[in-house]
Amino acid sequence: MKWSLLLLMLGAACGTGVNRATKDQAPSDRDQLIRANRDAMRLEDQDIDLYIKRHDLHAERSATGIRMQIIRDSAGIAAQPEQIAVIRYKLELLNGTVVHETASDGPEAFRVAHDNVESGLHEAVQRLSPGDSALVIIPSYRAHGLVGDLDRIPPRTSVVYRIGMVRIVP
Numbered sequence: 217m218k219w220s221l222l223l224l225m226l227g228a229a230c231g232t233g234v235n236r237a238t239k240d241q242a243p244s245d246r247d248q249l250i251r252a253n254r255d256a257m258r259l260e261d262q263d264i265d266l267y268i269k270r271h272d273l274h275a276e277r278s279a280t281g282i283r284m285q286i287i288r289d290s291a292g293i294a295a296q297p298e299q300i301a302v303i304r305y306k307l308e309l310l311n312g313t314v315v316h317e318t319a320s321d322g323p324e325a326f327r328v329a330h331d332n333v334e335s336g337l338h339e340a341v342q343r344l345s346p347g348d349s350a351l352v353i354i355p356s357y358r359a360h361g362l363v364g365d366l367d368r369i370p371p372r373t374s375v376v377y378r379i380g381m382v383r384i385v386p
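In this note's numbering, the protein residues as written are 217 to 386.
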């Protein structure tokens, strides 16, 4: 009984004093950061919407924010997690600058839902079967995020993929 009372008092003492001031400040800083990120996402969404309108696209928006328009729809089963997706692609910024493309190097392969590619790309290929092609617009938070790719994709930049699914390897 004495030990439980001592532990209770010790636990109560740990939640007061200097630590309390830090806890009170953190939500304010965190809230400001959350608001700033929401504002940035809203502006990025508007940029994507303008791109879609300017190019007269009929892209569907997923729950995670990527926009996708199927260009060619072939019969077949879409890529699943753990499978290897072999794709050809052209990667552009919203301003039309081509960043990467597989035209000269041949198709690229990656393990769906596991390899280190954009999470938006993982999502998109799971809607494609061999022979399909699509235009996919991926917001920065599902692409290269706050830092870009440290090469040709600036921070907080949406990207446009023109993808062709070559094959799926089980």
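Built from N, CA and C at the ideal position, the CB exists for glycine as well.
Proximity test, Cβ basis, 7 angstroms: residue i and chain B
i, result
"R254", "Of the protein chains in the structure, only one exists, and it is not chain B."
Nearest-angstrom Cβ-Cβ length linking residue i and residue j, presumed shorter than 8 angstroms
i, j, result
"V341", "M381", "7 angstroms"
"A301", "A325", "7 angstroms"
"G163", "S345", "Outside the displayed range of the chain (217 to 386) lies residue 163, so it cannot be described from this structure."
"I268", "A275", "5 angstroms"
"I282", "G336", "5 angstroms"
"V352", "M257", "Not a contact, Cβ separation roughly 18 angstroms."
Run of the beta strand (DSSP E) containing residue i, from where it starts to where it stops
i, result
"V341", "Run containing V341: none in the beta strand (DSSP E); it sits in the alpha helix (DSSP H), S335 to V341."
"G380", "V375 to V385"
"V363", "Here V363 belongs to no beta strand (DSSP E), and DSSP marks it neither H nor E."
"R358", "Neither: R358 is in no beta strand (DSSP E) and is coded neither H nor E."
"Q285", "R283 to R288"
"A325", "E324 to R327"
Sequence-distant residues of its chain with Cβ nearer than 8 angstroms to residue i (five each side left out)
i, result
"V328", "A295, Q296, P297, E298, Q299, I300, A301, H338, V341 and Q342"
"T373", "L309, L310, S356, A359, H360 and G364"
"D261", "G281 and P355"
"H271", "none"
Counterpart residues of residue i in DSSP-defined beta bridges
i, result
"K306", "E317 and R378"
"V352", "M284 and Y377"
"S250", "The displayed chain sequence assigns Ile, not Ser, to residue 250. Its beta-bridge partners do not exist; DSSP assigns none."
"E298", "According to DSSP, which records beta bridges pairwise, E298 is partnered with nothing at all."
"E260", "According to DSSP, which records beta bridges pairwise, E260 is partnered with nothing at all."
"R277", "R283"
Neighbourhood of residue i by C-beta distance below 7 angstroms, restricted to the same chain and skipping five residues each side
i, result
"R368", "V315"
"P386", "Q299"
"A237", "At A237 the pLDDT is 46, less than 50, meaning the model places this residue with poor confidence; the figure from the coordinates comes in the next sentence. Result list for A237: empty, nothing under 7 angstroms."
"L259", "none"
heavy atom of the ligand MG below 6 angstroms from residue i C-beta
i, result
"R270", "This structure simply doesn't include the ligand MG, nor any ligand for that matter."
Beta-carbon proximity list for residue i, same chain, < 6 angstroms, skipping 5 on both sides
i, result
"Y305", "T318, Y377 and I379"
"P370", "G364"
"L366", "none"
"G347", "S290"
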